Amino acid sequence: METDWFHFMTQRLPDFEALAIFARVVELGSFSAAARALGLSRPTISKAIARLEHSTGTYVLNRTSRQLALTETGQRVLTHANRILGEGEAAEAELRQAVHHPHGLLRLTAPISFGLNHVAPLLPDFLTRYPEIRLAMTYTDTQLDLIGGGFDIAIRIAAHAPSSLRALRLCRIPLFLVAAPAYLARHGAPSHPRDLRQHDGLIYEGTQSPGAWRMSRDGETMQVDPPTSRYRSNNAEAFLPALRAGLGIGIFPEFMIAQDIQNGTLIRLMPEWSLPETELCLLTPPGRSHPARVSAFLDHIGGALRKSPWRHST
Numbered sequence: 001m002e003t004d005w006f007h008f009m010t011q012r013l014p015d016f017e018a019l020a021i022f023a024r025v026v027e028l029g030s031f032s033a034a035a036r037a038l039g040l041s042r043p044t045i046s047k048a049i050a051r052l053e054h055s056t057g058t059y060v061l062n063r064t065s066r067q068l069a070l071t072e073t074g075q076r077v078l079t080h081a082n083r084i085l086g087e088g089e090a091a092e093a094e095l096r097q098a099v100h101h102p103h104g105l106l107r108l109t110a111p112i113s114f115g116l117n118h119v120a121p122l123l124p125d126f127l128t129r130y131p132e133i134r135l136a137m138t139y140t141d142t143q144l145d146l147i148g149g150g151f152d153i154a155i156r157i158a159a160h161a162p163s164s165l166r167a168l169r170l171c172r173i174p175l176f177l178v179a180a181p182a183y184l185a186r187h188g189a190p191s192h193p194r195d196l197r198q199h200d201g202l203i204y205e206g207t208q209s210p211g212a213w214r215m216s217r218d219g220e221t222m223q224v225d226p227p228t229s230r231y232r233s234n235n236a237e238a239f240l241p242a243l244r245a246g247l248g249i250g251i252f253p254e255f256m257i258a259q260d261i262q263n264g265t266l267i268r269l270m271p272e273w274s275l276p277e278t279e280l281c282l283l284t285p286p287g288r289s290h291p292a293r294v295s296a297f298l299d300h301i302g303g304a305l306r307k308s309p310w311r312h313s314t
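Sequential numbering of the sequence shown, starting at 1, is according to UniProt numbering.
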């Protein structure tokens with residue numbers, strides 16, 4: 001009787017194993033690679049995918065002898081499968097008390113300029129300290145779907161962290177309006193936001209409202225007409241040679257220009273007017289606990305970035 005009841009209940013449970021295997025197959029790109037990573041046979045992997053497709057009545061993968069491709073349904077299911085795999089890994093980590101033994105693949109995404117200049121230099125020490133952790137870094141200024149993309153951590157610079165994710169807030173990052181001495185010698189320095197319309201601007205297009213500048217002083221906030229612009233880009237660091245050469249003024253995050261301001265290569269303009277600040281966060285999927293590899297990164301790299309090292313560079 002008890003056996004029949006157990007069989008009845010398990011028949012009604014979702015096939016978590018098949019979903020998790022599906023997520024790993026997509027991540028690694030083949031049944032064989034997933035089999036090696038999971039310590040299973042290739043037929044077991046194939047049967048799990050077939051079981052998932054049979055139970056749902058639809059294909060999740062198109063497969064040929066050479067490659068796999070997600071179907072439209074598979075693409076939608078992948079978000080849930082990645083979440084199931086992540087939660088399952090976290091649960092097993094707790095059961096094994098793996099919190100004291102960081103290991104495995106850590107998948108991260110970070111903005112290009114900040115990642116290359118301020119995260120990448122910290123990674124050799126992190127990998128040396130945790131030899132059983134493997135890193136897969138994606139540098140992009142596109143805000144990728146953390147859960148759907150199967151990422152463990154997103155390093156994000158934004159005004160507000162998404163409420164759907166867990167956020168470790170590290171520090172505020174102010175924005176400064178700057179220009180090179182050569183530019184100011186030719187055009188003069190603006191004394192009020194309304195003067196900016198008469199200047200040449202370097203306009204960052206990586207926002208929803210490129211060129212829409214908002215400035216505040218003593219409780220007064222005004223939307224600033226953007227300067228005329230001969231140079232626009234979706235990557236702020238690409239402006240730096242033109243900025244230093246005196247070809248325009250622009251708004252840049254502190255971490256990108258702190259050294260230039262310190263050594264006089266760039267001059268901060270209208271410091272009495274403030275620009276909206278952004279925030280440096282480490283984002284992780286929702287849930288009560290982190291795998292050990294994630295906790296290790298949050299502590300080690302998060303601790304270093306919390307000190308805003310760009311402010312202390314010489």
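Even for Gly, the Cβ is constructed at its ideal location relative to N, Cα and C. Just so you know, these numbers come straight off a predicted model, no measurement behind them.
Contact between the region 164 to 176 and the region 276 to 285 is present, with at least three C-beta pairs closer than 8 Å. Checking the DSSP bridge columns, you'll see P253 partnered with L175.
If you draw a straight line from the Cα of I84 to the Cα of F252, it comes to about 39 Å. Here DSSP, grouped into helix, strand and coil, assigns N263 to helix. Within the region 32 to 105, the complete beta strand (DSSP E) runs of at least 3 residues fall at 61 to 63, 68 to 70.
Three or more Cβ pairs drawn from the region 133 to 146 and the region 104 to 117 lie within less than 8 Å of each other, which places the two stretches in contact. Under the Cβ criterion (8 Å, minimum of three pairs), the region 246 to 263 counts as touching the region 182 to 200. Taking the Cα of Y130 as reference, the smallest distance to any Cα among G57, L305, F297 is reached at F297. Rounded to whole angstroms, the gap between the alpha carbons of N263 and L40 is 58 Å. The C-alpha of L38 is placed about 60 Å away from the C-alpha of R197.
Apart from the 5 residues on each side of it in sequence, A161 sits with its Cβ closer than 6 Å to the Cβ of A167, C281 in its chain, given in chain order. Judged by DSSP in its simplified three-state form, Y130 adopts coil rather than helix or strand. A136 has its alpha-carbon roughly 16 Å from the corresponding atom of D145. Spanning the alpha carbons of M256 and I267 requires a straight line of approximately 13 Å. Across the set A34, F176, D200, the C-alpha of F176 shows the shortest separation from the C-alpha of Q259. Counting every other CB atom within 10 Å of its CB across the protein chains shown gives A18 a total of 16 or more, marking it as buried.
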